[in-house]
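Read through the structure below, which is laid out as C-alpha cells, and then see the notes.
Residue numbers (UniProt numbering), protein chains in the order written: chain A, 1 to 230; chain B, 1 to 230.
Below you can see the structure in the form of C-alpha cells.
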C-alpha cells in the first residue's frame, strides 16, 4: 500500500523545502517503500489528519498516522524490518538522537537565519503573514534584519561543521560505508538551504559539500528532483 | 587471560589522567574482561611493545597488540562478541566516529587549554620538559599563558555542550538506555579534567554534569577510583 506523506510547501508546490520533510522523503526511499507526497502550506498543517500535529512531516500508512521525522524513521524500521535499516542497530538509534540535536542546535540556527527572507519569499500570501509574525517573535527583530549578518557569520558557521568534516576523513557517510537516517538528518538542513536560497554556505571543495552532493545522488538522485534556488 | 593496558601517568602513578586511556579502561570494564593497568610516563610511551605507537592506550591481549582507543574498542567487540557490545551494531560504530570527532574538536580544545598547567604540574621532571616543549609549540605561547582566559571562555564552552545536554532530555546515555563506547569517549574528556584540575567547568545541576556523575558510577564506580583534583 502506498504511504501518504504530508509535506510543507510554499506557493510553488513543486519545490517542497522543509528540512524535516526531506528527512522523511529520504527515509521512505531508503526503505524502498511506495509513497505519495502531498503538500500543505504552513497555515494548514494544523488541520492534517484531524489535527494530529502542529508540524510536518506526518505520514499515513494504512490505518496508522505518525508525525515527526525521527518517530517516522523508528516506525518504518519497526514496521518494515526486512527492508534496509535506517539506524543500523540500537546504538545507531541512540546516536542518531545526538546527531539530531547537533544538527538542530548547530546547523539549523545559522541556516534558518541566513535563508529566512528567501523562505518568506517562497510562501503564499496568507503563509507569509503567519511566517513573519511567528519568526519575528522568535528572532526578536524584523524579518529583513535577520539575514543581514550572514556573510559576517559564515566563517564561524563553517568552523562549527568541523566534527562532520573531520569524520568524513574516516568514512563517506555518517552511517559509515553507506547512509543511514543520521545522514538524512543533516542532509535535510542543507537541502532546505539549497532549495530556498541562492546563498552559498559551503565551498565546493569542502568535504561537507562533497558529502552533500553524494547525498543528493542517493535513491536515483531524489534530492536533485528539486533544483537549487537561483 | 588478563589483558595488559598501557596507560599514561604523571609523577603519582596512582592518578592516571589520560582521556583516551580512560576510554579504554571503561571499555574493558564494559566487556567484563580482566585487565591489568601498567602506567607509563609521556617520555616512555614510544618504547612500549617495541615502539608500536606514539600514543597510549595500547593493549596486549595474548599475542595481539592494539593501539588507539577506538581501534581497541572495535577489536574488543570483534574478539569478544558474546560479551556486551560497545557499539550496539554497525550504525553505532559509524556514529561513534562522529561523536569522537565532536568530542575531540569541541570538548578537548577547551578542557586541554584550561587544565594545561595543572597537567604539567602532575608530571615527573623529564616529562615536564617534553610537555612544555611540545605544548608551547602547539599553542604558540608559554604554558603559563594558555589557561589565563579559561574563565572568560567558560560560558561559550558550556554552550558548545548544548547538543549533548539537549540529547540527555531524551535518554540517559549517548548509547540510549545504557552506556556505549560513545559515552566513554566523552566521559574520558571530563575525567581527564576532573583528575588533573580543580577548575570546575560544569555547574552541578547541568544535565551534562549529572550524566558525568552517572558515568562515574558505572562498573562499580571505576571512574571514582581516582579522586577529583583539589
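Glycine included, C-beta positions come from ideal geometry on N, C-alpha and C. The structure presented is a predicted model; accordingly, all values stated were derived computationally and were not measured.
| Query | Result |
| --- | --- |
| Residues of the segment 87-98 of chain A with Cβ closer than 9 Å to any Cβ of chain B, in chain order | 87, 88, 89, 90, 91, 92, 93, 94, 95, 96, 97, 98 |
| Rounded straight-line distance, which links the Cα of residue 99 (chain A) to that of residue 223 (chain A) | 20 Å |
| N-terminal and C-terminal residue of the beta strand (DSSP E) that residue 40 (chain B) is part of | 35-40 |
| Buried or exposed by the 16-neighbour rule on C-beta atoms within 10 Å, applied to residue 112 (chain B) | buried |
| Selected residue, minimal CA-CA separation from residue 69 (chain A), among A:90, A:208, A:19 | A:19 |
| Continuous alpha helix (DSSP H) stretch holding residue 23 (chain B): start and end | 19-30 |
| Test: residue 180 (chain B) CB closer than 7 Å to a CB of chain A | yes |
| When A:138, A:115, A:45 are compared against residue 148 (chain A), the one with the closest alpha-carbon | A:115 |
| Exposure of residue 23 (chain B), with buried meaning 16 or more beta-carbon neighbours within 10 Å | buried |
| Below-7 Å beta-carbon distance, residue 170 (chain A) vs any chain B residue | yes |
| Cβ neighbour criterion (16 or more within 10 Å) applied to residue 231 (chain B) | Given a span of 1 to 230 for chain B in the structure shown, any question on residue 231 (chain B) remains unanswerable. |
| Rounded Cβ spacing between residue 2 (chain B) and residue 36 (chain B) (contact assumed at less than 8 Å) | 5 Å |
| Beta carbon proximity, residue 101 (chain A) to chain B, threshold 7 Å | yes |
| Cutoff 7 Å: residue 7 (chain B) Cβ touching any chain A Cβ | no |
| Sheet register partners of residue 61 (chain A) (DSSP bridge) | A:64 |
| Contacts around residue 11 (chain B), its chain only, beta-carbon distance under 7 Å, and the 5 residues preceding and following it disregarded | 122, 123, 124 |
| Residue 60 (chain A) versus A:4, A:109, A:45, residue with shortest Cα-Cα distance | A:4 |
| Residue(s) in a DSSP beta bridge with residue 6 (chain B) | B:38, B:58 |
| Listed by chain order, chain B residues near residue 163 (chain A) by CB distance under 7 Å | 98, 101, 102, 105, 106 |
| Short CB-CB distance (under 7 Å) between residue 193 (chain B) and chain A | no |
| Residue 210 (chain A): first and last residue of the uninterrupted alpha helix (DSSP H) it sits in | 207-221 |
| Cutoff 7 Å: residue 27 (chain B) Cβ touching any chain A Cβ | no |
| Given 8 Å, three or more beta-carbon pairs between the segment 159-169 of chain B and the segment 204-214 of chain B | yes |
| Buried/exposed call for residue 175 (chain A), threshold 16 Cβ in 10 Å | buried |
| C-beta contact flag for residue 49 (chain B) and residue 66 (chain B) at 7 Å | no |
| Chain A contacts from the segment 201-222 of chain B (Cβ-Cβ distance under 7 Å) | none |
| Residue from A:42, A:38, A:14 with nearest C-alpha to residue 133 (chain A) | A:42 |
| Residue range of the unbroken alpha helix (DSSP H) whose run includes residue 79 (chain B) | 69-79 |
| For residue 187 (chain A), three-class secondary structure by DSSP | helix |
| Separation of residue 191 (chain B) from residue 155 (chain A), as counted between CA atoms | 32 Å |
| Backbone CA spacing between residue 158 (chain A) and residue 62 (chain B) [nearest angstrom] | 45 Å |
| Status (buried if at least 16 other CB within 10 Å, exposed otherwise) for residue 9 (chain A) | buried |
| From B:141, B:40, B:30, residue whose alpha carbon lies closest to that of residue 240 (chain B) | For residue 240 (chain B) there is no data in the structure shown, the boundaries of chain B being 1 and 230. |
| Chain B contact for residue 166 (chain A) (CB, 7 Å cutoff) | yes |
| Assigned exposure category for residue 217 (chain A) - 16 Cβ within 10 Å defines buried | exposed |
| Simplified DSSP state of residue 140 (chain B), which is helix, strand or coil | coil |
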